[in-house]
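First up is the structure itself, then whatever we jot down about it.
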Amino acid sequence: MKKLKILVAGHFGAGKSTFVKNASEKEALSLERKTTDERERAYKRNTTVAMDFGETFYEEEQTKLAVFGIPGQDRFSFMWPILSKGTDGYVFLLDSTKPELWDKTLEQIRFFMAENPAPYIVLANKQDLPDARSVREVRQALDLEPGVKVLPCIATDKDVVKQLLNVLVEEVRQQKEALVGAREVSP
């Protein structure tokens, strides 16, 4: 059985822990503590202080996915290089109701693509909320390259999470096939 490491990143409160929990076949592991920062407490009471971890399977390829969620606050950024080692694909999550936080997710995209480049998708989470910005608005605000997939997400919906992980696994598979093909063509 093949294994892939997937890293879920995004700004504070984007829904990373919920995404990992709903991606996992078994109970996800999470290390959370009470939020101490007053501004952050306005968004949520608890926060991830180490990482989230869950496992699932991609049936078509008989592939086991190890899904890791990073802590989103800058004060935990020292952990990001460690968590990114060996990552095969990234999910960058943002809260589509909080455009004032999107620049933090964009900073993470740049960081991880410089640290350990791999295929990625961007997910506009919380699309079930009335004040959610559209995927088009998210793409325009982040000014991403045309080939980057920006998709709607509802991290509380296990089926949606699985479908989105399948999209990422296909991106990873296509990149690996392209690399193998390039090696075969090289003299």
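Sequential numbering of the sequence shown, starting at -9, is according to the working numbering. Every residue, glycine too, gets a C-beta built ideally from N, C-alpha and C. Owing to the predicted nature of the structure, the values given are computational and were not obtained by experimental measurement.
Local Cβ density within 10 Å of Ala182, reported as buried at 16 or more and exposed below that: This structure does not reach residue 182, given that the chain is present from -9 up to 177, and the question cannot be answered.
Beta-carbon gap between Gly0 and Gln153 smaller than 9 Å: Their beta carbons are not under 9 Å apart, which means Gly0 does not touch Gln153 by this criterion.
Cβ shell of Pro71 (< 7 Å), same chain only, five flanking positions each side left out: Close CB contacts of Pro71 within its chain, under the 7 Å cut and outside five residues either way in sequence, are with Glu105 (chain order).
Rounded straight-line distance, which links the Cα of Ile60 to that of Phe68: Straight-line Cα distance between these residues: approximately 11 Å.
Local Cβ density within 10 Å of Ser7, reported as buried at 16 or more and exposed below that: Answer is buried; the Cβ neighbour count reaches 16.
Beta strand (DSSP E) runs wholly inside the region 107 to 156, at least 3 long, in chain order: Residue ranges of uninterrupted beta strand (DSSP E) with 3 or more members, entirely inside the region 107 to 156 and ordered along the chain, are 110 to 115 and 139 to 142.
Where Leu96 sits in the DSSP three-state scheme: The three-state secondary structure of Leu96, taken from DSSP, is helix.
The region 139 to 146 contacting the region 105 to 123, beta-carbon criterion three pairs below 8 Å: Cβ pair count under 8 Å is three or more, so yes.
Rounded C-alpha distance that separates Ala122 from Lys116: Roughly 7 Å between the two C-alpha positions.
Local Cβ density within 10 Å of Glu161, reported as buried at 16 or more and exposed below that: With 16 or more neighbouring CB atoms inside 10 Å of its own CB, Glu161 falls in the buried class.
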